[in-house]
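Residue numbers (this note's numbering): 1 to 617. Just so it is clear, CB atoms sit at the ideal spot from N, CA and C, and this is done for glycine as well.
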């Protein structure tokens with residue numbers, strides 16, 4: 001089961017594009033803009049805090065030579081910005097900026113854009129290749145993250161089952177505890193070693209670079225992995241021996257403290273550490289992970305106890321886990337609703353965004369998991385009820401008249417105690433016995449009532465089904481943590497319309513598009529100069545799904561002023577070798593014009609978007 005999940009993850013990891021969680025909100029100079037004076041810095045603003053790399057910026061001159069830059073840093077101390085100083089004496093023409101940062105939730109994000117100094121180059125330099133990820137490194141890293149989730153759930157859940165449910169035979173729990181500890185140790189060490197190649201988008205062999213490795217330890221994701229590794233070693237070397245010498249309360253307190261610390265190493269380096277309401281999100285994330293571990297890891301421990309314990313676990317142990325699972329599910333529902341609201345931002349995002357569709361798949365799998373859990377709870381109730389019932393002759397079978405001596409109150413034994421005459425066997429020889437249903441011809445035999453073993457076998461099957469569905473839920477959860485939240489995606493799409501530096505009155509637009517194919521979405525950035533009545537210049541740059549410059553076979557823009565029944569006026573854009581432009585778009589009247597943008601990405605796929613544009617005198 002675990003091997004199958006790993007194979008699925010490897011396939012998904014190698015086939016899917018990178019989905020980072022920080023999105024570019026704005027840049028200075030603006031993407032596609034034309035500035036009259038050379039800027040002193042390149043400044044990027046993101047939707048969440050980001051970490052910087054030594055190679056966070058690469059700027060290429062109009063003749064495609066790399067420009068020497070200053071050390072990347074945060075602008076004015078703002079953690080959601082990235083800035084690099086430009087040298088003096090820049091030549092006129094179009095410059096290409098390639099950038100790469102690490103979002104607060106540990107995922108790298110990269111992209112590229114152009115700006116022009118003085119005037120656009122006749123033939124702008126080609127955009128550098130997007131090095132957002134290395135497929136082998138990403139597959140290995142994603143597999144390590146998935147194994148770490150499973151190992152944490154197994155380790156924490158098994159420990160919680162042993163401490164809270166108190167099974168008499170704990171020998172079957174030794175295997176999941178050791179497996180969880182060793183798997184989490186190996187997965188965490190692997191993630192720490194692969195962190196530098198993962199951030200830089202290079203092959204796993206670059207993990208041998210000691211300088212890059214030490215650089216990752218200064219970032220939040222690297223520190224979280226290092227802390228998790230230290231906690232594992234501390235648990236084995238110090239806390240476990242101390243807990244063995246202490247009482248149950250000491251073991252429970254130590255286990256709870258370590259579990260919360262483990263959960264914090266995830267919350268501090270993923271979704272909860274960035275965006276809105278960070279303290280509440282961190283608390284919710286810790287509770288969500290602990291509840292997941294207690295439920296799913298505890299399920300595995302219960303399953304092993306049911307199958308491998310020398311003696312079947314008593315109903316009290318099963319009942320305690322049933323209460324623990326119910327509490328865990330309650331916490332999961334509450335925290336899951338909050339995290340879904342925080343990541344989605346709107347109901348429509350459930351179907352309109354990759355994050356929403358992945359979340360919907362997780363919710364559907366969770367419904368199946370809850371159904372299996374409900375069945376397990378039913379078998380648990382029946383098992384406890386059956387075990388608590390007195391071991392007497394079933395009431396549906398009447399006691400024979402010729403019962404042995406002392407069979408019940410008021411019987412012959414009681415008569416003997418009262419001094420009454422005890423009949424001899426010969427005295428009852430002629431008294432007929434009441435026949436059972438099976439002895440009466442034509443009467444069906446009454447089936448015996450289900451035994452505790454019957455309910456215990458049914459519970460094993462339902463718990464096994466829960467564990468299998470739980471693996472699917474964990475797989476989808478891992479994919480979800482690697483998907484851009486819909487709220488951040490919408491925020492990035494609602495890019496501001498800034499005044500283009502050096503061109504007073506110029507208008508800038510960012511228009512998202514999606515033709516419905518995997519690579520058929522992105523944004524088009526349009527600048528109008530001066531954005532007023534009369535003659536205007538217009539430039540359009542197309543960016544693909546990962547923010548890199550992309551080339552499309554056709555781009556059309558037209559303007560209509562419905563209030564005056566004017567239009568459509570075709571802008572007649574021409575391909576200028578990397579961007580589309582015109583210098584003779586004439587808009588005769590002021591008012592709110594409708595700009596219609598048609599993007600054709602292939603011979604068969606195209607989409608049309610509209611935007612209202614205010615034209616003044």
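Let me check one thing: in DSSP terms, what residues is residue i bridge-paired to?
i, result
"residue 46", "24"
"residue 629", "As displayed, the chain neither begins before 1 nor continues past 617, which places residue 629 out of reach and without an answer."
"residue 543", "523 and 549"
"residue 586", "535"
"residue 67", "59"
"residue 615", "591"
"residue 73", "83"
"residue 529", "537"
"residue 51", "102"
"residue 580", "540 and 575"
Excluding sequence positions up to five away, which residues of its chain have a Cβ less than 7 Å from the Cβ of residue i?
i, result
"residue 366", "473"
"residue 199", "53, 102, 108 and 216"
"residue 362", "473, 476, 477 and 480"
"residue 429", "Any reading at residue 429 must be qualified, since the residue scores a pLDDT of 43, below 50, and its modelled position is unreliable; the value itself is stated next. Nothing meets the Cβ criterion."
"residue 49", "79, 80, 104 and 274"
"residue 299", "463, 466, 467 and 470"
"residue 701", "An answer regarding residue 701 cannot be provided, because it is not within the stretch 1 to 617 covered by the chain."
"residue 598", "556, 606 and 608"
Output the boundary residues of the alpha helix (DSSP H) element that contains residue i.
i, result
"residue 36", "No alpha helix (DSSP H) holds residue 36; DSSP gives it neither H nor E."
"residue 176", "174-200"
"residue 224", "220-234"
"residue 215", "210-216"
"residue 555", "Note, residue 555: premise wrong, no alpha helix (DSSP H); beta strand (DSSP E) at 554-561."
"residue 259", "248-267"
"residue 157", "135-160"
By DSSP, does residue i sit in helix, in strand, or in coil?
i, result
"residue 308", "helix"
"residue 535", "strand"
"residue 606", "strand"
"residue 510", "strand"
"residue 331", "helix"
"residue 565", "coil"
"residue 270", "coil"
"residue 574", "strand"
"residue 102", "strand"
"residue 319", "helix"
"residue 167", "coil"
"residue 108", "strand"
"residue 336", "helix"
"residue 374", "helix"
"residue 463", "helix"
"residue 206", "helix"
Taking the beta strand (DSSP E) that residue i falls in, what are its first and last residues?
i, result
"residue 85", "81-85"
"residue 347", "That residue, residue 347, is in no beta strand (DSSP E); it is neither H nor E in DSSP."
"residue 597", "591-600"
Can you list, in chain order, the residues of its chain whose CB lies under 6 Å from that of residue i, leaving out five sequence neighbours each side?
i, result
"residue 291", "328, 331 and 332"
"residue 305", "167, 172 and 313"
"residue 74", "81"
"residue 308", "172"
"residue 164", "324"
"residue 618", "One cannot answer for residue 618 here, as it falls past the ends of the chain, which runs 1 to 617."
"residue 267", "282, 285 and 286"
"residue 350", "356 and 360"
"residue 354", "483"
"residue 418", "Here the model assigns residue 418 a pLDDT of 40, short of 50, so the residue's position is not dependable, and the following value carries that caveat. So the list is empty, once near-sequence residues are dropped."
"residue 538", "528, 571, 582 and 585"
"residue 382", "455"
What does a CB cutoff of less than 8 Å around residue i pick up in its chain, not counting 5 residues either side in sequence?
i, result
"residue 392", "Only weak support exists for where residue 392 lies, its pLDDT of 43 falling under 50; the value from the coordinates is given anyway. The answer is none, since no qualifying residue turns up."
"residue 649", "Residue 649 lies beyond the stretch modelled for the chain, which goes from 1 to 617, so this question has no answer here."
"residue 605", "515, 516, 517 and 520"
"residue 194", "137, 140, 141, 144, 204 and 207"
"residue 231", "258, 261, 262 and 265"
"residue 377", "322, 325 and 326"
Is the shortest distance between the beta-carbon of residue i and the beta-carbons of chain B less than 9 Å?
i, result
"residue 536", "Among the protein chains of the structure shown there is no chain B, as only one such chain exists."
Minimum length 3: unbroken beta strand (DSSP E) runs contained in the region 277-301: none
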